[in-house]
DNA sequence: TTTCTAAATGCGAATTATTTGCATTTGTTT
DNA sequence: AAACAAATGCAAATAATTCGCATTTAGAAA
């Protein structure tokens with residue numbers, strides 16, 4: 064998938080650094096998402112885990128991992144959440160074809176600039192810790208019907 | 064709310080230009096969203112409409128209006144959708160406080176640049192017709208606990 | 001205007017994703 | 001090894017959103 068070398072933090076370390084318990088569910092989810100570095104829904108993940116982790120555990124784990132910024136949650140307007148491992152060295156967003164649903168990474172986003180601009184426009188907000196940016200369009204295949 | 068003068072296209076015209084039928088539900092929704100130009104959930108809208116429009120009709124109308132780009136759908140990560148009237152002259156995004164839920168407009172976004180950059184990075188996509196950009200942070204009140 | 005037809009609505013019921021309460025298990029700390 | 005808070009599994013509940021279908025309605029055609 065990726066042509067780049069991704070520096071993978073070991074799941075154990077990710078949890079440890081966040082002060083989270085190293086539980087089987089969390090380790091399994093992180094390992095899976097690291098080995099499959101594209102957006103996955105809770106259902107995807109549930110199906111993928113061999114040890115048959117309970118759905119509610121998956122949801123709870125995903126929420127915890129997202130709030131610790133280990134995972135990021137993405138809204139593709141498909142009626143369910145998707146999650147990806149956060150890799151600070153390869154910050155990216157996505158472009159989705161609204162015809163066929165195909166998703167591609169968009170490796171650029173001048174985050175610093177965007178956030179600075181946003182903060183300069185508000186007096187009510189002191190800090191921005193997260194942002195979402197998604198593009199929707201048509202891929203060449205769908206454009207030609 | 065807004066210090067700017069918003070050029071409001073009459074709901075009738077919006078529907079006409081999109082080639083949509085001018086139905087009561089659509090007109091009511093558009094009128095409400097124009098008079099209350101902040102993000103609203105389907106439930107908000109349902110409660111607001113006097114003629115007691117059916118929920119499924121509201122959902123169907125919102126979907127139609129969004130796909131015609133008359134409305135935009137926003138994901139504030141609150142477990143439900145929010146909609147706003149699209150005003151091309153006042154393109155904006157939002158910043159949400161993840162403590163208290165407060166939402167503020169962020170009037171800046173160099174859309175053209177963002178989209179151009181995104182398109183330059185992909186060979187698979189020909190066009191981008193929509194983008195989402197949301198910021199999450201802490202407002203000054205919440206920051207000081 | 002009246003007629004006609006496809007599209008939109010209302011209603012009820014079904015889905016689907018996600019959440020919650022609680023008893024049990026597990027990870028970490030002492 | 002003991003102790004305890006936190007995480008899990010299970011079952012059941014929510015909450016948002018969707019669907020099927022009979023009825024109505026907006027706009028085109030006559």
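Chains as they are written, first to last, in our numbering: chain V, 64 to 208; chain Y, 64 to 208.
All residues carry an ideal CB built from backbone N, CA and C; glycine is no exception.
Quick caveat, the model's predicted, so the values are computed rather than measured.
Inter-residue CB distance, residue i and residue j (contact presumed, cutoff 8 Å)
{"i": "residue 155 of chain V", "j": "residue 138 of chain V", "result": "About 15 Å; that fails the 8 Å criterion."}
{"i": "residue 205 of chain Y", "j": "residue 131 of chain Y", "result": "About 37 Å; that fails the 8 Å criterion."}
{"i": "residue 83 of chain V", "j": "residue 120 of chain V", "result": "Contact flag wrong, Cβ pair sits at about 14 Å."}
{"i": "residue 75 of chain V", "j": "residue 85 of chain V", "result": "6 Å"}
{"i": "residue 148 of chain Y", "j": "residue 100 of chain Y", "result": "6 Å"}
{"i": "residue 184 of chain Y", "j": "residue 151 of chain V", "result": "About 19 Å separates the two Cβ atoms, so there is no contact after all."}
Reduced DSSP category for residue i - H, G, I as helix; E, B as strand; rest coil
{"i": "residue 72 of chain V", "result": "coil"}
{"i": "residue 104 of chain V", "result": "coil"}
{"i": "residue 173 of chain V", "result": "coil"}
{"i": "residue 89 of chain Y", "result": "helix"}
{"i": "residue 123 of chain Y", "result": "helix"}
{"i": "residue 116 of chain Y", "result": "coil"}
{"i": "residue 152 of chain Y", "result": "helix"}
{"i": "residue 67 of chain Y", "result": "Low local confidence applies: a pLDDT of 49 at residue 67 of chain Y is under 50, so the model's placement there is unreliable, with the coordinate-based value given in what follows. Coil, per DSSP."}
Enclosing beta strand (DSSP E) for residue i [first to last residue]
{"i": "residue 193 of chain V", "result": "188 to 202"}
{"i": "residue 112 of chain V", "result": "Where residue 112 of chain V is concerned, there is no enclosing beta strand (DSSP E), given that its DSSP letter is neither H nor E."}
{"i": "residue 134 of chain V", "result": "134 to 138"}
{"i": "residue 237 of chain Y", "result": "The question about residue 237 of chain Y has no answer, for chain Y in this structure spans 64 to 208."}
Cutoff 8 Å: residue i Cβ touching any chain V Cβ
{"i": "residue 81 of chain Y", "result": "no"}
{"i": "residue 150 of chain Y", "result": "no"}
{"i": "residue 101 of chain Y", "result": "no"}
{"i": "residue 212 of chain Y", "result": "Chain Y is shown from 64 up to 208; residue 212 of chain Y falls before or after that span and cannot be answered."}
{"i": "residue 132 of chain Y", "result": "no"}
{"i": "residue 92 of chain Y", "result": "no"}
{"i": "residue 158 of chain Y", "result": "yes"}
{"i": "residue 179 of chain Y", "result": "no"}
{"i": "residue 75 of chain Y", "result": "no"}
{"i": "residue 197 of chain Y", "result": "yes"}
{"i": "residue 167 of chain Y", "result": "yes"}
Test: residue i CB closer than 8 Å to a CB of chain Y
{"i": "residue 66 of chain V", "result": "At residue 66 of chain V the pLDDT is 45, less than 50, meaning the model places this residue with poor confidence; the figure from the coordinates comes in the next sentence. With 8 Å as the cut-off, residue 66 of chain V does not count as an interface residue toward chain Y."}
{"i": "residue 170 of chain V", "result": "yes"}
{"i": "residue 203 of chain V", "result": "yes"}
{"i": "residue 125 of chain V", "result": "no"}
{"i": "residue 88 of chain V", "result": "no"}
{"i": "residue 136 of chain V", "result": "yes"}
{"i": "residue 190 of chain V", "result": "yes"}
{"i": "residue 98 of chain V", "result": "no"}
{"i": "residue 184 of chain V", "result": "yes"}
{"i": "residue 194 of chain V", "result": "yes"}
{"i": "residue 206 of chain V", "result": "yes"}
{"i": "residue 175 of chain V", "result": "no"}
{"i": "residue 116 of chain V", "result": "no"}
{"i": "residue 187 of chain V", "result": "yes"}
{"i": "residue 45 of chain V", "result": "The question about residue 45 of chain V has no answer, for chain V in this structure spans 64 to 208."}
Any non-hydrogen atom of the ligand SAH closer than 7 Å to residue i Cβ
{"i": "residue 132 of chain Y", "result": "Ligands in the displayed structure: none, and consequently the ligand SAH is not present."}
Discussion item. Is it the case that the stretch 193 to 200 of chain V contacts the stretch 196 to 203 of chain Y, given that we only count it when at least three CB pairs across the two stretches are under 8 Å?
Written reply: yes
Worksheet item: Do the stretch 175 to 183 of chain V and the stretch 132 to 152 of chain V meet, that is, are 3 or more Cβ pairs less than 8 Å apart?
Response: no
Discussion item. Tell me whether the stretch 104 to 121 of chain Y and the stretch 75 to 82 of chain Y touch, counting them as touching only if at least three CB pairs, one residue from each stretch, are closer than 8 Å.
Written reply: no
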